[in-house]
Amino acid sequence: MWNKLLALTTCVLLMAGAAWAQPKDLPVGPEVGQRAPDFQLSDLDGNIHRLSDLRGQRVLLNFWATWCPPCRAEMPAIQEFVDAHGEKVVVIGINAQESRDAIAKFIEEGGYSWLQLRDEKGAVFADYLVRFIPTSFYIDELGVVRNKYIGPMDLPALLKFTGIDS
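First residue of the sequence shown: 292, per this note's numbering; consecutive thereafter.
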């Protein structure tokens, strides 16, 4: 009887200690209203792109991977958005640590036309504290984060996310 009580008490104290030890305010990446971290990444052809070079334009950053089912599911909606509103917003896909060939094959098979950048070392994912994919950031003309969304979006959600009327 005492052994069971001691074991139960120990378990309760361990769980309480573990819960208490969890950080209360996990970092969340750039917040809405903060300047978006600048980066320099290569596209699939090896050309260098910097976020700061797009100052004066609105930008949609979409962090994704070819192996991610929700990412794959939202790609047609992003293409539809690009086709209809690509002149208003620069759309950039950022893929972490996958081979150029794997990304290029996926993009070609899907017929996706927006800029794809490779974050080979995961540094931009780290700067933006991307923990789940897909994750998207909407950045205004001044380079300030105006919206952040974790998860896949359909076209109506993309329009709402970017503030563009359909």
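Every residue, glycine too, gets a C-beta built ideally from N, C-alpha and C.
Does residue i come out as helix, strand or coil in the three-state DSSP assignment?
i    : result
Q313 : Any answer about Q313 is weak, because its pLDDT of 47 lies below 50 and its placement is not dependable; what the coordinates show is given next. Looking at Q313 - three-state DSSP - the assignment turns out to be coil, as it is neither helix nor strand.
Q325 : coil
R341 : strand
D418 : helix
L335 : coil
If you follow the alpha helix (DSSP H) that residue i is in, where does it begin and where does it stop?
i    : result
I394 : R391 to G401
D374 : P360 to H376
Given that a residue counts as buried once 16 or more other Cβ atoms are within 10 Å of its Cβ, and exposed if not, what is residue i?
i    : result
K439 : buried
N353 : buried
E365 : buried
F423 : exposed
C362 : buried
N386 : buried
I430 : buried
L449 : buried
A393 : exposed
H443 : The sequence as given places Pro at residue 443; His does not occur at that position. By the 10 Å Cβ count, P443 comes out buried.
W355 : buried
P417 : Contrary to the premise, residue 417 reads as Ala rather than Pro in this sequence. So A417 ends up on the exposed side.
A327 : buried
What residues match up with residue i in a beta bridge as DSSP calls it?
i    : result
F452 : Beta-bridge pairing links F452 to no other residue.
S427 : N353 and Y440
R346 : DSSP lists no partner for R346.
G384 : N353 and Q407
Using 8 angstroms for Cβ pairs, my map puts residue i next to residue j. What's the rounded Cβ distance?
i    : j    : result
S333 : R409 : 6 angstroms
I383 : L406 : 5 angstroms
G324 : V436 : 7 angstroms
L351 : T426 : About 12 angstroms; that fails the 8 angstroms criterion.
E432 : G347 : 5 angstroms
L446 : E378 : So it is not a contact: roughly 16 angstroms between Cβ atoms.
V381 : L345 : 6 angstroms
F397 : T357 : 4 angstroms
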